[in-house]
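Read top to bottom, the protein sequences are chains A and B. Numbering follows the working numbering, in which position 220 of the first sequence is assigned residue number 247; successive positions increment by one, without gaps. Numbering follows the working numbering, in which position 123 of the second sequence is assigned residue number 1107; successive positions increment by one, without gaps. All C-beta atoms in this analysis are idealised placements derived from N, C-alpha and C, irrespective of residue type, glycine included.
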Amino acid sequence: MTVIPAPITPVLEVEDLSIAYRDGSGERRAVHDVSFRIDPGEVVALVGESGSGKTTTAQSLIGLLAQNGRVERGSIRLNGTDIARWTDRQLDTVRGARISLVPQDPGSSLNPVKTIGSQLGEIFRIHTKLRSDEIEARVLSLLARVGLSEPALRARQYPHELSGGMRQRVLIAIAIALKPQLIIADEPTSALDVTVQKRILDLIDELRAEYGTAVLLVTHDLGVAADRADRIVVLKDGRIQEQGATGAILAAPRSPYTKQLLSDAPSFSAPPRLAAVRPPVAHVPDDIVVVDGLAREFVREAGGPPLRAVDDLSFRVRRGTTHAIVGESGSGKTTTIRSIVGFDRPTAGRIEIDGTDVSRLTGEGLRQFRRKVQLVYQNPYGSLDPRQNVLQIVTEPLANFPGFSRSDREEKARAILARVGLPEEALGRRPHALSGGQRQRVAIARALVLDPQLVVLDEAVSALDVSVQARILDLLDELQSELGLTYLFVSHDLAVVRQISDTVSVLKDGRLVDGGTVSEVFENPRSDYTRELINAIPGRKRRAAA
Amino acid sequence: MSGYLLNRVAQALFVLWAAFTISFVLLQAMPGDAILIKFQNPDLGLTAQQVAEIRASYAVDSSVLVQYARTIGKFVAGDFGYSVQAGVPVASLLAAHLPATLKLAALGFLLAAVLATAIAFLSSLAPFAWLRGALQSVPSLFISIPTFWLGIMLIQLFSFRLKLVPVINPGPWQELILPVATLAVPISAPLAQVLVRNIDEVLTRPFVAVARAKGATRLWVLWRHVAKNALLPTLTIAGVLFGELIAGAVVTETVFGLNGIGGLTERAVGSQDTAVLQAIVVLSALAFVIINLTVDLLYPVLDPRLRTKTGAVA
Chain A
28 MTVIPAPITP
38 VLEVEDLSIA
48 YRDGSGERRA
58 VHDVSFRIDP
68 GEVVALVGES
78 GSGKTTTAQS
88 LIGLLAQNGR
98 VERGSIRLNG
108 TDIARWTDRQ
118 LDTVRGARIS
128 LVPQDPGSSL
138 NPVKTIGSQL
148 GEIFRIHTKL
158 RSDEIEARVL
168 SLLARVGLSE
178 PALRARQYPH
188 ELSGGMRQRV
198 LIAIAIALKP
208 QLIIADEPTS
218 ALDVTVQKRI
228 LDLIDELRAE
238 YGTAVLLVTH
248 DLGVAADRAD
258 RIVVLKDGRI
268 QEQGATGAIL
278 AAPRSPYTKQ
288 LLSDAPSFSA
298 PPRLAAVRPP
308 VAHVPDDIVV
318 VDGLAREFVR
328 EAGGPPLRAV
338 DDLSFRVRRG
348 TTHAIVGESG
358 SGKTTTIRSI
368 VGFDRPTAGR
378 IEIDGTDVSR
388 LTGEGLRQFR
398 RKVQLVYQNP
408 YGSLDPRQNV
418 LQIVTEPLAN
428 FPGFSRSDRE
438 EKARAILARV
448 GLPEEALGRR
458 PHALSGGQRQ
468 RVAIARALVL
478 DPQLVVLDEA
488 VSALDVSVQA
498 RILDLLDELQ
508 SELGLTYLFV
518 SHDLAVVRQI
528 SDTVSVLKDG
538 RLVDGGTVSE
548 VFENPRSDYT
558 RELINAIPGR
568 KRRAAA
Chain B
985 MSGYLLNRVA
995 QALFVLWAAF
1005 TISFVLLQAM
1015 PGDAILIKFQ
1025 NPDLGLTAQQ
1035 VAEIRASYAV
1045 DSSVLVQYAR
1055 TIGKFVAGDF
1065 GYSVQAGVPV
1075 ASLLAAHLPA
1085 TLKLAALGFL
1095 LAAVLATAIA
1105 FLSSLAPFAW
1115 LRGALQSVPS
1125 LFISIPTFWL
1135 GIMLIQLFSF
1145 RLKLVPVINP
1155 GPWQELILPV
1165 ATLAVPISAP
1175 LAQVLVRNID
1185 EVLTRPFVAV
1195 ARAKGATRLW
1205 VLWRHVAKNA
1215 LLPTLTIAGV
1225 LFGELIAGAV
1235 VTETVFGLNG
1245 IGGLTERAVG
1255 SQDTAVLQAI
1265 VVLSALAFVI
1275 INLTVDLLYP
1285 VLDPRLRTKT
1295 GAVA
């Protein structure tokens, strides 16, 4: 980007900022002596994993720390004026007008009972004395500017009538409405599908160039930062690890933590971690999963033709390999795996798992079948019973099948927990006392304790930080080669898919648009959609440079 | 939508029928009856023969099933039977007593809603933690006060000590002041509690942060973003609290000597006037059902998310 000469006043200058949260026992410092600056029109990325203090830092800049948070010391200078100790009343004049916010989750960031138009118009009502017809005209032109079709209709609609990407466009419209000098974008795309994510980031870029607004991009995704930022600030445990020009940091990271992040980020690391290790697949075709002409229709409540969630889907998975099912929300991937594990009955088609026709199974047969196929869910917080301890969680599946005495069950559970790398002392803990990565290890142990042959991993690493994600992927890898497991890996993250899968099916609107081995699909995509997905993987700049 | 409405109306009718049947069975199961209580009094000097004739004229000796069928038939036709004690049709008794209770209940509920809203919003705006804590403990205090005790205390304080409200011959509105306050206090408590919790919960939602980031003041956010979202779940509680309101009205009317349904109920229980009690139970159930039906139908009006299916497809 442009080199800015020294005398220019930065839009924002943070110096020795320390922030603490009050909790039951006293104060706990979450941000330690953080200093950085943002020049006019510049994009600075604040990169870190959960607990790094990146969101706390961003919140403090706009005076929106949680009730128990407090700026201990340091200064936040907006155009040279220190606003760190301003009252709410003073900050109200700055918020929205000079600094604005693009929030993380577009789903819950708009008031569900107010129209889009009134929520966008509100910022003019707060800061300007425009008449209501003038406000309405501004609202419509802004909605058009952020790329929403039929602005007049959108203005009358409620948030739930818009898709996630459209809602994020509305929130961006709110953020740019008064042409602020700085936009704080707090994980603006992490809740969106990859292709939508790319379009939203492109839009922010475009508006920045047009209005000359500086952007503070808060993200956990180094790939996103690499593509979009002029400078990167890396945070860990509330401390800056290093900061500098994007190119310099990616090419020659100085801190060990940045190096680690770079090697863990799937979008940067060299392709397949598996292919080299895995022995060539046996010549005799041994398909553990055969899906043939699968279709599932849902009756619409409002009437009309039934909704085809999955339409004529066929694929096969060889024993001992990993097959990825890739698609964005609404692509039918969840419906597909629900049919495969026997939670849902397909409208048409055949599913054979290890020689058994799943769609014909009922009652006891279905229950016995579940031993062979186990699920690991996306959310390690929601899928574990908060009232059970780790050992109880892992022994429970065994209690559903005869032939295990109490001591057998415990012994088996202990062995598998040790195998997934959980320390002995964690066995008596409840889920809330475990980290996200540990919880996912427990979920994996629970799936493996019945010695299944097929493990369905439903976005099983998507909610984890990159470094934790990398460790879990390593673990899955080891378990597969040791136990001869077959994985069905459902994901929206193509970077991860490329790393760990042997074969891929790409779904769009319930149909298979691409399929085959990973190298076939990634190097020679047959459909435009797959190409678009691959192009949307963040971190391309760096890969291109490398 | 029409399917939904039909379904809800059918449910409402079922509740009415169940209320009627259960109260009928319970009232039948009671030993003794109103006729014995009224006419067996030795002062009247009636012979056993005469009492039996009176009983026959009220048809209380026919089988339970026949009585049930006859009573339900009459109820459906709008005939609630005769009060044995007062010797007049139950319908005219109700007509005479209902207005006072309606006035009391409506005003009591209104005051409760105002009290609850005031407590909830003030506590959310309170600038100091101690004030917030104090305001938030008001509901727990309110809910633990027994209605009869509060009524007596209010009379003591406002009528006898401060002489603000006359006890003898008060005006038609003056006489309502203390009963309405007595009734409102225990009902406002759960409303306020739910409202406080909802406000706290809504305040943590991301759209509130977005509104604050627009530069909106706390008051603006509370009024324009939080209020409606927090009130929605409270509506259900309000419907359920109606039962509380009826129970409260009985005690309140007794304490303040008001001539309403509460007083009527109390006397009917004393004299085992089954016909009157039966009518009061069905009437209360009807009011309950109507209120809850209204709440259900009101939801889609207040929450746009619930009307997508019926609205035009965008």
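Chain A places a beta carbon closer than 7 Å to that of Pro1288(B), counting this residue as a contact.
Contact between the region 1189-1200 of chain B and the region 1120-1131 of chain B is not established, with fewer than three Cβ pairs separated by less than 8 Å. Contact between Leu1000(B) and Val1266(B) is confirmed by a C-beta separation of about 7 Å, below the 8 Å threshold. Non-local C-beta neighbours of Phe1004(B) in its own chain, meaning closer than 6 Å and more than five positions away in sequence, comprise Val1266, ordered along the chain. For Ser102(A), the three-state secondary structure derived from DSSP is strand. At a C-beta separation below 8 Å, Asn138(A) has these neighbours in chain B: Phe1191, Ala1195, His1209 and Asn1213. The beta carbon of Gly1117(B) sits no closer than 7 Å to any beta carbon of chain A. Contact between the region 136-155 of chain A and the region 172-187 of chain A is present, with at least three C-beta pairs closer than 8 Å. Taking C-beta atoms under 8 Å as the contact rule, Ala292(A) and Leu262(A) fail to qualify, at a distance of about 15 Å. In this structure, Phe1008(B) keeps its C-beta atom at 7 Å or more from the C-beta atom of Tyr1066(B). His247(A) is outside the set of residues whose beta carbon lies under 7 Å from a beta carbon in chain B.
For Gly123(A), the chain B residues whose Cβ falls inside 7 Å of its Cβ are Ala1197, Lys1198 and Gly1199, in order along the chain. In this structure, the CA atom of Gln94(A) is about 30 Å from the CA atom of Val495(A). In this structure His1081(B) is buried. Its beta-carbon is surrounded by 16 or more other beta-carbon atoms within 10 angstroms. At a C-beta separation below 7 Å, Leu91(A) has these neighbours in chain B: Ala1193, Arg1196 and Ala1197. For Ser176(A), the nearest beta carbon of chain B is not closer than 7 Å to its own beta carbon.
Within chain B, Ala1193, Val1194 and Ala1197 have C-beta atoms less than 8 Å from the C-beta of Leu128(A), given in sequence order.
Around the beta-carbon of Tyr514(A), 16 or more other beta-carbon atoms lie within 10 Å, marking it buried. In the three-state reduction of the DSSP assignment, Val1266(B) falls in the helix class, which pools H, G and I.
Residue burial annotation: Glu550(A) is exposed, with fewer than 16 other C-beta atoms found within 10 angstroms of its C-beta. Against Tyr185(A), the close residues of chain B are Pro1288 and Arg1289, in the order they occur along the chain (beta-carbon pairs closer than 8 Å).
Under the three-state reduction of DSSP, His247(A) is assigned to coil, being neither helix nor strand. Assigned with DSSP and collapsed to three states, Ser77(A) falls in coil, not helix or strand. Secondary structure of Leu1141(B) (DSSP, three-state): helix.
Contact between the region 1224-1235 of chain B and the region 1170-1179 of chain B is present: 3 or more CB-CB pairs across the two stretches fall below 8 Å. For Ser358(A), no Cβ of chain B is located within less than 7 Å of the residue's own Cβ.
Put simply, the CB of Ile46(A) is far from chain B, with every gap to its CB atoms at 7 Å or more. Taking a cut-off of 8 Å for Cβ pairs, the region 390-402 of chain A and the region 475-485 of chain A touch, as three or more such pairs fall below it. Between the alpha carbons of Leu157(A) and Val493(A) lies a distance of about 47 Å. By a beta-carbon distance limit of 8 Å, Leu1077(B) contacts Ala1070(B). Their separation comes to about 6 Å. At a cut-off of 7 Å between beta-carbon atoms, Ile499(A) makes no contact with chain B.
For Ala57(A), the uninterrupted beta strand (DSSP E) segment begins and ends at Gly53 to Ile65.
In the structure shown, Ile201(A) adopts helical secondary structure according to DSSP, grouped into three states.
By the neighbour-count criterion, in which 16 or more other beta carbons inside 10 Å mark a residue as buried, Met1137(B) falls on the exposed side. By the Cβ test, the region 193-207 of chain A is in contact with the region 160-173 of chain A, since at least three Cβ pairs between them sit closer than 8 Å.
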